[in-house]
Structures are given as C-alpha cells and as structure tokens.
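Since the structure comes first, as structure tokens, the remarks are kept for the end.
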Amino acid sequence: MEQSCEKFTVSGVVQGVGFRYHTAHQAMQLGLEGYAMNLANGDVEVVACGQQSKIDRLSTWLEQGSRTSHVDSVVREPISYKPYKGFKIL
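Per our numbering, the very first residue in the sequence shown carries number 554; after that it's consecutive.
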C-alpha cells in the first residue's frame with residue numbers, strides 16, 4: 554500500500570484544550586504516524602503519514618476538532634514521505 558504524508562495547520566482555540574492529545578489518539582486509532590505540535594502563533598501543526606484514505610479521515614476529524622476545541626480553519630498540504638515511529642505529541 555502506498556504511503557503518503559500531509560501537513561495540517563489548524564487554527565482556532567486549539568492550544569491548552571487537549572487538542573494535540575485527542576489528535577494523537579485519533580491518528581493512532583487510524584494507524585497513522587507523525588506528530589502534533591503547538592506553534593508560537595497559537596495554531597497546531599499536525600503531520601500525518603500513512604494510507605491516503607486514513608489521512609483523509611483524520612483531515613475530516615481535524616475540521617471538527619475535539620469537544621473542548623474550536624477549529625476555525627485547517628490548511629492542508631502534501632509533503633514528502635518520511636517514516637515516523639508512532640504518533641507523537643511534541
């Protein structure tokens with residue numbers, strides 16, 4: 554199965570509300586690898602690698618966000634594939 558990677562920049566109320574934890578949980582359930590990391594401007598950067606259909610499912614989840622977050626926008630861009638070990642919160 555071909556593997557791909559995408560980077561998401563999630564804006565809104567996504568820091569200090571458990572968003573990275575919930576994102577990691579969702580990604581691991583889907584069998585994706587990568588990370589979720591807070592950015593200095595208040596956004597969260599998410600890199601997800603794995604099967605495209607699973608990345609698409611994570612993208613749909615990111616647009617909704619967790620119950621404690623409020624997502625205003627998600628910017629999605631393909632990046633070159635890089636193997637990660639699991640899904641980390643940075």
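Every residue, glycine too, gets a C-beta built ideally from N, C-alpha and C.
Backbone secondary structure at residue i - three-state DSSP
i: A593; result: coil
i: E616; result: helix
i: K607; result: helix
i: Y637; result: coil
i: T562; result: strand
Contacts around residue i, its chain only, beta-carbon distance under 6 Å, and the 5 residues preceding and following it disregarded
i: P631; result: E559
i: K641; result: Y588
Beta-carbon separation (whole angstroms), residue i vs residue j, contact threshold 8 Å
i: F572; j: S619; result: 6 Å
Burial state of residue i, where buried means 16 or more other Cβ atoms lie within 10 Å
i: Q579; result: buried
i: V600; result: buried
i: E555; result: exposed
i: L644; result: The requested residue 644 is not part of the displayed model; the chain covers only 554 to 643.
Cβ-based neighbour list, residue i, same chain, cut-off 8 Å, excluding 5 preceding and 5 following
i: L615; result: F561, V563, T576, V599, V624 and V627
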